[in-house]
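The sequence shown stops at residue 870 when you use this note's numbering, and every number in between is there.
Quick reminder that beta carbons are idealized off the backbone N, C-alpha and C, glycines included.
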Amino acid sequence: MIALSPVDAALEGLRTMRRHPVVVLAWAGFSLVMLPLLGLLAQIVLSEQDRMNLALRQSSADPREILDFVSRLGGVMVLLIMLALVLGAILSGAIMRSVLHPEEKRFAYLRLGREELRLLGVSLISWAAALMVTIIPGGVLALGTALLAETPVAGWFTFLGGLTVVGLSTWVAVRLSLLAPHAFLSGHIDPRAAWLVTHGQFWRLLGMIVIVIVMCVIVSILGATLSSIVGAVIAGGLEDPIAPGAAPSHTRLILALLANLLLAPVFLTLQAVIVTSAPAAALRQLTAAQD
Numbered sequence: 580m581i582a583l584s585p586v587d588a589a590l591e592g593l594r595t596m597r598r599h600p601v602v603v604l605a606w607a608g609f610s611l612v613m614l615p616l617l618g619l620l621a622q623i624v625l626s627e628q629d630r631m632n633l634a635l636r637q638s639s640a641d642p643r644e645i646l647d648f649v650s651r652l653g654g655v656m657v658l659l660i661m662l663a664l665v666l667g668a669i670l671s672g673a674i675m676r677s678v679l680h681p682e683e684k685r686f687a688y689l690r691l692g693r694e695e696l697r698l699l700g701v702s703l704i705s706w707a708a709a710l711m712v713t714i715i716p717g718g719v720l721a722l723g724t725a726l727l728a729e730t731p732v733a734g735w736f737t738f739l740g741g742l743t744v745v746g747l748s749t750w751v752a753v754r755l756s757l758l759a760p761h762a763f764l765s766g767h768i769d770p771r772a773a774w775l776v777t778h779g780q781f782w783r784l785l786g787m788i789v790i791v792i793v794m795c796v797i798v799s800i801l802g803a804t805l806s807s808i809v810g811a812v813i814a815g816g817l818e819d820p821i822a823p824g825a826a827p828s829h830t831r832l833i834l835a836l837l838a839n840l841l842l843a844p845v846f847l848t849l850q851a852v853i854v855t856s857a858p859a860a861a862l863r864q865l866t867a868a869q870d
């Protein structure tokens, strides 16, 4: 059996940051420009009520509410989702290109071509898989729990059903975890081939994913901490000890929000580098061993 090193694959993102610090800054700049533009577009095409409903749905655990909201918005939401997926595919493609084809350095590895279109297709496949193995079974579980609420088997049904949904979702997610880099490297989308590549590697890939999640949590904590420190420095630096008033407080708030707005895309980009580099490195290990 081909040996895969989960730790080595999971740390590929950190190695990418070390090898290409200027490139990573360019990716952060790309996110810094594109994310506000996407938010501005959402502000333009969505009404105030729709934005409020969207904010409420983000914390909802009921997939039926989310699907109902998306279907009600129709083409507007589809447009926003597609634009977000395209931007994500461009950034993911650049990160994978830096790992799998490091010699193609021009434009900080950023492209909009066939590879990115394939990654967009992979995103749609991943959404369909999540719908089939997580959202629909989760809805069935919620419905069954409601129907059996007054029966003695309700607790067991919820417990065993929850384990089944989580187990199925985890298994499918791990077995499809190399689909994106496989499509990028092979030049075509082949879920079956990507599935077969992960044969016998489930626990190693799961370990890699767990390490990646822990690293992303650490980056989130560092980002939140740095944002708090910057906000505190700005608040302290602009505070008027003699005549504090509403105007300085308003200025401090604006500058603190601006600092957070500038920092958020940077840390989101670092997380994207960690998440995207790991499966690309894992596929590189497996294909190199086969060759």
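Can you confirm whether the stretch 665-675 touches the stretch 684-694 when touching is taken to mean that 3 or more C-beta pairs between the two stretches lie within less than 8 Å?
yes
For Leu614, name the three-state secondary structure that DSSP assigns.
helix
Jot down the residue ranges of each uninterrupted alpha helix (DSSP H) in the stretch 722-793, minimum 4 residues, whole runs only, in chain order.
733-754, 758-765 and 770-776
Relative to the C-alpha of Leu879, which candidate in Val586, Ala867, Ala859 and Leu840 has its C-alpha closest?
Since the first residue of the chain shown is 580 and the last is 870, residue 879 is not available in this structure.
Considering only the beta carbon of each residue, do Met675 and Ala859 sit closer than 7 Å?
Taking the C-beta atoms as reference points, Ala859 is found nearer than 7 Å to Met675.
Take Leu679 and list the residues in its own chain whose beta-carbon comes closer than 6 Å to its own, dropping the five residues that flank it on each side.
These residues qualify, in order along the chain: Leu764 and Ala859.
Could you check whether the Cβ of Trp606 sits closer than 7 Å to any Cβ belonging to chain B?
No chain B appears in the structure shown, which is made up of a single protein chain.
Going by DSSP in three states, Thr595 sits in which element: helix, strand or coil?
helix
Give the C-beta separation of Ser677 and His761 to the nearest angstrom, bearing in mind that I take them to be a contact with Cβ-Cβ under 8 Å.
About 17 Å separates the two Cβ atoms, so there is no contact after all.
Looking only at C-alpha atoms, which of Leu659, Leu590, Trp782 and Leu696 sits nearest to Val751?
Trp782
Can you give the Cα-Cα distance for Ser702 and Ser806, rounded to whole angstroms?
31 Å
From Met711 to Leu698, what distance separates their C-alpha atoms?
20 Å
By how many angstroms is the C-alpha of Gly717 removed from the C-alpha of Val744?
7 Å
Alpha carbon to alpha carbon, how far is Val854 from Val793? Give it in angstroms, no decimals.
Between Val793 and Val854, the C-alpha separation is close to 11 Å.
Within the continuous alpha helix (DSSP H) that includes Pro585, where are the two ends?
Pro585 to Ala589
Val701 lies in the alpha helix (DSSP H); which residues open and close that run?
Arg693 to Ala709
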